[in-house]
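Below: the structure, in structure tokens.
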């Protein structure tokens, strides 16, 4: 079977017997749904647009002559199409979604309601600033919370997601080096880092130098020190790290990094473990992005939109990108151009057309106001407690790569305990689907063989976790001692689809619908 | 706390099960001196009602587009979005799911992404589109980087009709490893000679269609000139409704089309979240950034969809990836694809004609005001006005009269005397005849 670079099988595996023998292919509430292009029609529409009066056109002769080929559906058909599609998705609201490093916490609907207030949702990024003072004030309020929670000096809100935030932080670092006339070209990245870290560094033209993790899953200040040198611009370190551990030597790492004239970029994807418990700014970091779609509960939406504000130390603050807001008496002003920068600010440029993800800012601030200082701190403690509770519930059956010790908000297992069972991490994860759970993050971090990274978040109740633990214990025992491994090898059997052939998808890419080819014979 | 299910009893029981005496024992790796007590500078938890009041007060300090005659565009457009779109995107199964890494239980997301990709390819006249980027500006900057990879050259030629903020994002994202930008001067009338700037070092030519000033031109000669020198043509569309009426860039030789998809399905949101569209030719697909949904079969042979060609992406390739993009604009892409499904060919064409008609009527009406010239000969739903005096002040005074009349060019390109009397004005289906009259009347008064 083909493997991808993580050693994860990509073929469909064995099918076993199908239990879906219905005329329609539907199974009760689970409906087969054709593609829009098979169901819709060019003459159908679900929007009654008034027929425009005949006017002269001023299109310079560039009117579209060809058919676009876009099928439409009426409103009832549209509702049914998308409702049926939605029913083929797993969701936080439907069950436990323990994806490590993704922080799938509850998405409060008040946040949605607030983002849709016309005063936030229906304002244009370029309408006169005096007509959007409340919006800029909201951005200021959010910034204030982020600075207080992180203990940092400045924040830029415009990055559109975590990876975009990494870019923003690293661009500040690059600008700070350039301002000192230094041309450093290496970035240190631990092996356990998210893929976005090395990708970001490389995107900016840096060489990436890996730092190995210690046997306990953390990074040693000694190892960092050994890798530092006059060519090193920065280290990109995730803390808490992707093994679910707080880096115990983080303060010492910051010290040696600064001593070598480099900067400390912290990937804040796991900030949810430490909100209100410790301020990253007091640990010596220089830049950190915060995924509002993780820690501050803006919905993941099936892959975005996210938002990745970056907090900055005093050393990097002057280089924060455009736009940013300044207060003048009772009013706020957005600074949108380099020429307008004052007070020693040297923005490195612009990251996006407008001001960032306002819709996410409203949701995140709603979360912060709702939770308050006490609730945010409690949320982090509960997230950490829940992860440790899962660890305690499974530690006798599943193996932990770095020994049995407390974790932060996610707990990491490897596949050593599956040795000689014939069951892989992937099989185990897919069997969870049949039991009604979304699998944990698999095969990440890469430093651990057959990794299973479980992040329950603070949103799960004890009852829910007890059921989750009981289910995983049952599956673990079946994997180890059961005679029939088909529940793993054939899993999932009860999902809308069985395992999908990823190899075929990549070898014969079909990335869009095309009309079926009508053969001559069939046409006759 | 309404969002936290654990009770104090639960917490005590769980700590006991874990085998620690207190929660802080789980934070033992945090240097003890750095552990926080309270957060005295932040308020404590609030109920829904209090939060609504607090945010309501902030919202009330803004002027919503829907509350006034509104003609602001320049990269974000106010269109009517059917009620069913916002209802559907708030379904839990779409709103609260993650990137579809487990395809067996994410077929809903994967199928709509496949449909979205197809709609974007059709609309732009290209072979293939990805599953979305952050917005039009970052999509365009990524297109420039892709062109550098494809051509192994490092110079991008940018039209003076490209949105200045897009140009700034390209400057930020493509200024490493010797890459450089040759940007033409602002081109309000669409009269620049960009072909003359293409040479043997050019990796791509970036042209906005319609331009930020609203003007439209045939891209075919630019594509031909670019191809003759081995360069790519990147066409940028910030108002996708235009493609319901205009010849698509794919029919004029574009190699990559990037677009801001906000106009379809998505609100103004003060600039985000929006949805970047990215389309290209089949032969370039492996150099494309971003996620792609593809068709395959499952173990029983049933059609299904997966994320594919992920060997281009950061989670597999790390420092060798085509981009660092991870989270993109899934839910905004969903809003786009639902709205586009509701429109269909018929609705989109009609909507585009309606927009054009509104803009032509507005241009004619404003052109009659003394001291105002419409300087854009051919346009879709946005054009440039030259006014007597300082355009920024005119817009400011119009706002005082309750009309949001457009974007002064000086807001986008400050410090250029020859551009200081220009205003970008957009009209869409939301504008009534009364709005148009109100604009003309107010403009007459402030000039």
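Chains as they are written, first to last, in the numbering used here: chain A, 1224 to 1747; chain B, 36 to 482. All C-beta atoms, glycine included, are put in the ideal place defined by N, C-alpha and C.
Quiz item: Count the other CB atoms within 10 Å of the CB of residue 42 of chain B; is the residue buried (16 or more) or exposed (fewer)?
Solution: exposed
Quiz item: With which residues is residue 141 of chain B paired in a DSSP beta bridge?
Solution: A:1312
Quiz prompt | N-terminal and C-terminal residue of the beta strand (DSSP E) that residue 339 of chain B is part of | solution = 338-342
Quiz prompt | C-beta atoms of residue 1408 of chain A and residue 1438 of chain A nearer than 8 Å | solution = It is not a contact, given that the beta carbons lie outside the stated cut-off.
Self-check item: CB contact check: residue 446 of chain B to chain A, cutoff 8 Å
Solution: Look at residue 446 of chain B: its C-beta is under 8 Å from a C-beta on chain A.
Quiz item: What in chain A is Cβ-close to residue 123 of chain B, meaning under 9 Å?
Solution: 1301, 1302, 1305, 1306 and 1309, listed in chain order.
Quiz item: Fully enclosed by the segment 1715-1747 of chain A, which alpha helix (DSSP H) runs are 4 residues long or longer?
Solution: Counting only runs of 4 or more residues that sit fully inside the segment 1715-1747 of chain A, the alpha helix (DSSP H) segments are 1725-1730 and 1743-1746, in chain order.
Quiz item: Taking the alpha-carbon positions, what's the residue 380 of chain B to residue 346 of chain B distance?
Solution: 35 Å
Quiz item: Does any CB atom of chain B fall closer than 8 Å to the CB of residue 1671 of chain A?
Solution: Closer than 8 Å to the CB of residue 1671 of chain A there is not a single CB belonging to chain B.
Quiz item: Rounded C-beta distance between residue 421 of chain B and residue 457 of chain B? I'm assuming under 8 Å.
Solution: 6 Å
Exercise. Take residue 1525 of chain A and list the residues in its own chain whose beta-carbon comes closer than 8 Å to its own, dropping the five residues that flank it on each side.
Key: 1312
Practice problem: State yes or no: is the beta carbon of residue 184 of chain B nearer than 8 Å to at least one beta carbon in chain A? | Solution: Chain A has no Cβ within less than 8 Å of the Cβ of residue 184 of chain B.
Quiz prompt | C-alpha gap between residue 204 of chain B and residue 171 of chain B, whole angstroms | solution = Roughly 10 Å between the two C-alpha positions.
Practice problem: Determine whether the Cβ of residue 1481 of chain A lies closer than 8 Å to any Cβ atom of chain B. | Solution: For residue 1481 of chain A, the closest Cβ of chain B is not nearer than 8 Å.
Quiz item: Does the Cβ of residue 388 of chain B have 16 or more other Cβ atoms within 10 Å, making it buried, or fewer, making it exposed?
Solution: buried
Quiz item: By the 10 Å Cβ neighbour count, where 16 or more other Cβ atoms means buried, how is residue 468 of chain B classified, buried or exposed?
Solution: exposed
Quiz item: Can at least three beta-carbon pairs, one atom from the segment 193-200 of chain B and one from the segment 215-229 of chain B, be found at a separation below 8 Å?
Solution: Contact between the segment 193-200 of chain B and the segment 215-229 of chain B is present: 3 or more CB-CB pairs across the two stretches fall below 8 Å.
Quiz item: Just checking my contact of residue 1345 of chain A with residue 100 of chain B at CB under 8 Å: how many whole Å lie between their CB atoms?
Solution: The Cβ separation is near 5 Å, so the contact holds.
Quiz item: With C-beta atoms as the reference, is residue 324 of chain B less than 8 Å away from residue 360 of chain B?
Solution: yes
Quiz item: Can you name the residues of chain A whose CB is closer than 8 Å to the CB of residue 375 of chain B?
Solution: 1293
Quiz item: Taking C-beta to C-beta, are residue 1294 of chain A and residue 1263 of chain A nearer than 8 Å?
Solution: yes
Quiz prompt | Buried versus exposed call for residue 1430 of chain A [16 or more other C-beta atoms within 10 Å across all chains shown] | solution = exposed
Quiz item: Near residue 1513 of chain A, which residues of its chain fall below 8 Å by C-beta distance, leaving aside the five closest residues on each side in sequence?
Solution: 1369, 1373, 1388, 1491, 1494, 1519, 1531, 1532, 1533 and 1534
Quiz prompt | Below-8 Å beta-carbon distance, residue 1272 of chain A vs any chain B residue | solution = Chain B, which has a Cβ nearer than 8 Å to the Cβ of residue 1272 of chain A, makes this yes.
Quiz item: So, is the C-beta of residue 367 of chain B closer than 8 Å to a C-beta in chain A?
Solution: yes
Exercise. Compare the C-beta of residue 1794 of chain A against all C-beta atoms of chain B and say whether one is closer than 8 Å.
Key: The structure shown does not extend to residue 1794 of chain A, since chain A is modelled only from 1224 to 1747, so the question has no answer here.
Practice problem: For residue 319 of chain B, I'd like the list of residues in its chain whose CB is within less than 8 Å of its CB, leaving aside the five on either flank, ordered along the chain. | Solution: 181, 185, 290 and 291
Quiz item: Can you give the beta carbon distance from residue 150 of chain B to residue 315 of chain B, rounded, assuming they're within the 8 Å contact cut?
Solution: Contact between residue 150 of chain B and residue 315 of chain B fails: their C-beta atoms lie close to 18 Å from each other, not under 8 Å.
Exercise. State buried or exposed for residue 1404 of chain A, treating a residue as buried only when at least 16 other CB atoms are found within 10 Å of its CB.
Key: exposed
Quiz prompt | chain A contacts from the segment 430-459 of chain B (Cβ-Cβ distance under 7 Å) | solution = Listed in chain order, the positions of the segment 430-459 of chain B with a beta carbon within less than 7 Å of a beta carbon of chain A are 430, 431, 434, 439, 442, 446, 449 and 450.
Exercise. Grab the span of the beta strand (DSSP E) containing residue 367 of chain B for me, first residue to last.
Key: Careful: residue 367 of chain B lies outside any beta strand (DSSP E), inside the alpha helix (DSSP H) at 365-402.
Self-check item: Strand pairing of residue 1434 of chain A, partner residues [DSSP]
Solution: A:1413
Practice problem: Could you name the residues of the segment 130-146 of chain B whose beta carbon sits closer than 7 Å to any beta carbon of chain A, in the order they occur along the chain? | Solution: Taking a C-beta cut-off of 7 Å against chain A, the contacting residues of the segment 130-146 of chain B are 130, 131, 132, 133, 134, 135, 137, 138, 139, 140, 141, 142, 143, 144 and 146, listed in chain order.
Practice problem: Quickly, what does DSSP pair residue 295 of chain B with across the bridge? List them, please. | Solution: B:311.
Quiz item: So which residues on chain A does residue 474 of chain B lean against when the C-beta distance must stay under 7 Å?
Solution: Simply none; closest approach about 14 Å.
Quiz item: Candidates A:1306, A:1589, A:1256 and A:1619: which alpha carbon is nearest residue 1337 of chain A's?
Solution: Minimum Cα distance to residue 1337 of chain A is reached at A:1589.
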